[in-house]
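First residue of the sequence shown? That's 1 in the working numbering, and the numbers climb one at a time after it.
Comments concern the structure below.
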Amino acid sequence: MTPRLRVTTVDAGPFTMPRGGLLHGGGDEPVTVPSTVAVIEHATHGLLLFDTGINHRVADPEAAEAHWGPGLRTAYGAEGFTRAHAVDAQLERLGYRLDEVRYVLYSHLHLDHAGGMTYFPHAVHVAQHDELRHAWWPDRCTARGYAFNDYAATRAYDFLELRGDADLFQDGTVTLVRTAGHTPGHQGVVLDLPHYGRIGLMGDAAHLQEGLDRNVPMLSDWNVEEKLLSHGRLRALSRAGIRVSLSHDPAHFAALPHDGAYWD
């Protein structure tokens, strides 16, 4: 019998950067982190994604210059990203067709989370209203985190714009949770798995578990006050028995099902 919900994950954007780039005061030690994409099967509503990783063009140094902008592939430490890491290739490796994806949920629209948007022109794209507005016209201090080419061709897509928390299918299986701070419209998702229980995929609401434990933000966060309030929300989720996973924490990714293994 097919479970009502099951999930696996892939790393659709490894990159290497100084630890201090992910954690204020973290120093210059290089750390390689994943960009977690969740592949979710819903028995009624079909195939969903949470985030889409880095665009495939970034695997080619020259194409990356045009897609992201001069020097950003090196600045973000994405030299280890290959064509096989892109989410379209990962889905095909797992045996899915791209046109099977019915919904794409975005934690936010930064270039390591929304790079695969145009692979799914017929899906419903679910994002916070504030995030969409900010991505199209970002503050100058945070603009580098967005790659306009990731979504320049998406204006005619079917966007479901949220303002706050939402039970996506009104059945308790997939709940979007607003966690602003890293960006204006950041959100996570709580999945209620029939056998495993509830898990929270929280994107960049915190970047490393250490940052969450110590209540330390990231230097490029849009709003530190909002970010720290979202840290508090993550701790509340954990106290409620929800297993919280962060997109870029290597230990969190290692603990999630991937490479064809599923939780249900």
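For each residue, glycine too, the CB sits at the ideal point set by N, CA and C.
Can you tell which of D264, H258 and H248 has the C-alpha that lies nearest to the C-alpha of R93? As a working mapping, residue 93 is identified with position 93 in the sequence shown. Ranked by Cα distance from R93, the options D264, H258 and H248 are led by H258.
Strictly by DSSP, which residues pair up with L49? Residue numbering aside, residue 49 sits at position 49 when the sequence shown is read from its first letter. Its beta-bridge partners are V39 and V104.
What does the Cβ neighbour count give for L234, buried or exposed, with the cut at 16 atoms within 10 Å? Residue numbering aside, residue 234 sits at position 234 when the sequence shown is read from its first letter. L234 comes out buried.
Excluding the five sequence neighbours on either side, which residues of its own chain have a C-beta within less than 6 Å of the C-beta of T36, listed in chain order? For the purposes of this step, residue 36 is identified with residue 36 of the sequence shown, where counting begins at 1. Excluding five sequence positions before and after T36, the CB atoms of its chain that fall closer than 6 Å to its own CB belong to T9, S247 and F253, given in chain order.
Best match in H231, L132, A180 and D213 for proximity to D150 [C-alpha to C-alpha]: As a first step, residue 150 is located in the sequence shown; it is residue number 150 there, counting from the start. The candidate whose alpha carbon is nearest that of D150 is L132.
Please name the residue or residues paired with W68 in a DSSP beta bridge. Indexing the sequence shown from 1 puts residue 68 at position 68. Answer by DSSP bridge pairing: none, since W68 is not bridged.
Which residue from H195, P70, H186 and H56 puts its Cα closest to that of A12? Numbered from 1 along the sequence shown, position 12 holds the residue referred to as residue 12. H56 is the residue among H195, P70, H186 and H56 whose C-alpha sits nearest the C-alpha of A12.
In chain order, which continuous runs of the beta strand (DSSP E) of length 3 or greater are located wholly inside the segment 193-246? Counting whole runs of 3 or more residues, the segment 193-246 contains the beta strand (DSSP E) stretches 197-201 and 243-245.
Exposed or buried, which one is S230 when buried takes at least 16 other CB atoms within 10 Å? For the purposes of this step, residue 230 is taken as residue 230 along the sequence shown, with counting starting at 1. S230 comes out buried.
3-residue-minimum beta strand (DSSP E) runs that sit fully inside the segment 73-156, ordered along the chain: Listed in chain order, they are 101-105 and 124-128.
Between the segment 84-92 and the segment 42-55, can you find at least three pairs of beta-carbon atoms closer than 8 Å? Yes, since at least three Cβ pairs between the segment 42-55 and the segment 84-92 fall closer than 8 Å, the two stretches touch.
How would you label R73, buried or exposed, when you count the other beta carbons within 10 angstroms and need 16 or more for buried? Within the sequence shown, residue 73 is the residue found at index 73, counting from 1. Burial call: buried.
Do the CB positions of G46 and R6 come within less than 7 Å of each other? Here residue 46 refers to the residue found at position 46 of the sequence shown. Here residue 6 refers to the residue found at position 6 of the sequence shown. Cβ atoms of G46 and R6: not closer than 7 Å.
Which residue comes first and which comes last in the alpha helix (DSSP H) that contains P250? As a first step, residue 250 must be located in the sequence shown, where it is residue number 250. It spans P250 to A255 - the alpha helix (DSSP H) in which P250 sits, taken as one unbroken run.
At which residues does the beta strand (DSSP E) containing E161 begin and terminate? Working through the sequence shown from its first residue, we reach residue 161 at position 161. Counting along the chain, E161 sits inside the beta strand (DSSP E) bounded by residues D158 to L162.
State buried or exposed for L162, treating a residue as buried only when at least 16 other CB atoms are found within 10 Å of its CB. Here residue 162 corresponds to residue number 162 of the sequence shown, with the count starting at 1. Result: buried.
Look at Q128 and Q209 and say whether their C-beta atoms are less than 7 Å apart. Translated into the one-based positions of the sequence shown, residue 128 becomes position 128. Translated into the one-based positions of the sequence shown, residue 209 becomes position 209. Not in contact: Q128 and Q209 (Cβ atoms no closer than 7 Å).
For F81 and A59, which I take to be in contact (beta-carbon distance under 8 Å), what is that distance rounded to the nearest angstrom? The residue given as residue 81 occupies position 81 in the sequence shown. The residue given as residue 59 occupies position 59 in the sequence shown. Contact between F81 and A59 is confirmed by a C-beta separation of about 6 Å, below the 8 Å threshold.
Within its chain, find whatever has a CB closer than 7 Å to the CB of A123; leave out the 5 residues flanking it on each side and keep chain order. Taking the sequence shown and counting its residues from 1, one reaches residue 123 at position 123. Around A123, the same chain offers V101, R102, Y103 and V104 as residues with beta carbons nearer than 7 Å, after the five sequence neighbours per side are excluded.
Quick one: is A153 buried, meaning 16 or more other Cβ sit within 10 Å of its Cβ, or exposed? Position 153 of the sequence shown, counted from the start, is the residue given in the question as residue 153. It counts as exposed.
Could you give the residue range of the beta strand (DSSP E) that holds L23? By one-based count along the sequence shown, residue 23 stands at place 23. Run containing L23: none; DSSP gives neither H nor E here.
Only counting the same chain, and skipping five residues up and downstream in sequence, which positions put a Cβ closer than 8 Å to that of T173? Taking the first residue of the sequence shown as position 1, residue 173 is located at position 173. Only R4, L5, H42, L191 and D192 meet the Cβ criterion.
Can you tell me whether P14 is buried or exposed, with buried defined as 16 or more other CB within 10 angstroms of its CB? Position 14 of the sequence shown, counted from the first residue, corresponds to residue 14. Around the beta carbon of P14, 16 or more other beta carbons lie within 10 angstroms, which makes this residue buried.
Quick one: Cα of C141 to Cα of G185, how far? For the purposes of this step, residue 141 is taken as residue 141 along the sequence shown, with counting starting at 1. For the purposes of this step, residue 185 is taken as residue 185 along the sequence shown, with counting starting at 1. Answer to the nearest angstrom: the Cα atoms are 16 Å apart.
Confirm, please, whether the CB-CB distance from R178 to D165 is below 7 Å. Counting from one through the sequence shown, the residue named residue 165 turns up at place 165. Counting from one through the sequence shown, the residue named residue 178 turns up at place 178. Yes, these two residues count as a Cβ contact at 7 Å.
On the three-state DSSP scale, how would you describe P34? Reading the sequence shown from its first residue, position 34 is the one you call residue 34. P34 carries a coil assignment under DSSP once its states are collapsed to helix, strand and coil.
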